[in-house]
Amino acid sequence: MTTPATPALPAIDPKRTALLAMDFQNGILAVVPDPDALVERVRVAIADVRAAGGTIGYVRVAFTEDDWAAVPETNKTFSAVAAAKWMHHEDEATQIDGRIAPEDGDIVVRKIRIGAVSTTDLHQQLRDRGIDTLVLSGISTGGVVLSTLIDTADRDYRVYVLTDGVADPRPEVHQVLVNEVFPSRAHLIDTIGLRELLTSPQG
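Given below as structure tokens:
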């Protein structure tokens, strides 16, 4: 009995592609297993996308005093953040890890909810650059990655999840999402596969 062949991944046009590095900030990295190895894999992926002429987008979660004041008590997650005055936008904990720091010309947005799109102008910035394909990396798989995947897929982006560039404090949640949930909405690819797609001749 033969095993059905895995469908080939769609080609990537780097000029229409952005890799999003989401919530790779000092106060969040420590919650996942082996954060240094994770950052190194994402650093390599960023370098590959840059070399191919693609766009890099950075997303971080951080609040001003006005942001805290505007969070309603109905929001289960962020009402607690606001009450504790966590994640001020100037705190070291909310800064992007220096090993993958943004460069001139990158997209950088600050969000105040879980997903990367709903409280930022990220969608408009991507559209302004003619981007229709996203490669998602981030912490955590069950947080920003899941939320952003659902939102961007509904906005008709072609979405890839960088499977070795996402992580979650709960390994079982990560496994269920990557293996059971994400495949219906996104293409799954690892850093090696991404490099191969980026360097493949365009059809």
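Position 117, counted from 1, in the sequence shown is what this note's numbering calls 282; the numbers after and before it change by one each time, with no gaps.
Each residue gets a CB set at the ideal place from its N, CA and C atoms; glycine is no exception.
| Item | Value |
| --- | --- |
| So is K276 buried or exposed if we call it buried at 16+ other beta carbons inside 10 Å? | buried |
| Using a 10 Å radius around the Cβ and a threshold of 16 neighbouring Cβ atoms, would you call G270 buried or exposed? | exposed |
| According to DSSP, what are the bridge partners of H254? | The partner list for H254 (beta bridge, DSSP) is empty, contrary to what the question assumes. |
| Going by the beta-carbon positions, is the gap between V204 and A183 smaller than 9 angstroms? | no |
| For D188, which residues from the same chain have a beta carbon less than 8 angstroms from its beta carbon, with the 5 sequence-adjacent residues on both sides left out? | V224, R225, V226, G303, I304, S305, G308 and V309 |
| Report the three-state DSSP secondary structure of V190 (helix, strand or coil). | One point to set straight first is that residue 190 is Gln, not Val, in the sequence displayed. It is a strand residue. |
| Take P179 and list the residues in its own chain whose beta-carbon comes closer than 8 angstroms to its own, dropping the five residues that flank it on each side. | V214, A217, G218, G219 and L363 |
| Hey, how far is the Cα of A281 from the Cα of D316? | 9 angstroms |
| Which value, in whole angstroms, describes the spacing of the CA atoms of N344 and R320? | 23 angstroms |
| In terms of DSSP beta bridges, what is K276 paired with? | V226 |
| With a threshold of 7 angstroms on Cβ separation, who are the neighbours of I211 within its own chain once the five nearest residues in sequence on each side are excluded? | L184, A186, I221 and I265 |
| Between D256 and L194, which are expected to be in contact by the criterion C-beta below 8 angstroms, what is the C-beta distance as a whole number of angstroms? | The pair is not a contact, with the Cβ atoms about 14 angstroms apart (cut-off 8 angstroms). |
| How would you label D232, buried or exposed, when you count the other beta carbons within 10 angstroms and need 16 or more for buried? | buried |
| Would G330 and R206 be called neighbours here (beta carbons separated by less than 9 angstroms)? | yes |
| Within 10 Å of its beta-carbon, does S312 have 16 or more other beta-carbons around it, so buried, or fewer, so exposed? | buried |
| Count the other C-beta atoms from every protein chain shown that fall within 10 angstroms of the C-beta of D374, then say buried if there are 16 or more, exposed otherwise. | The first residue shown for the chain is 166 and the last is 368, placing residue 374 beyond what the model contains. |
| Starting from the Cα of Y325, find the closest Cα among R335, L314 and P334 and give me that residue. | L314 |
| Taking 9 angstroms as the threshold (C-beta atoms), are A258 and Q190 in contact? | yes |
| Who are the Cβ neighbours of H339 in its own chain at under 6 angstroms, not counting the five residues just before and after it? | T306 and D333 |
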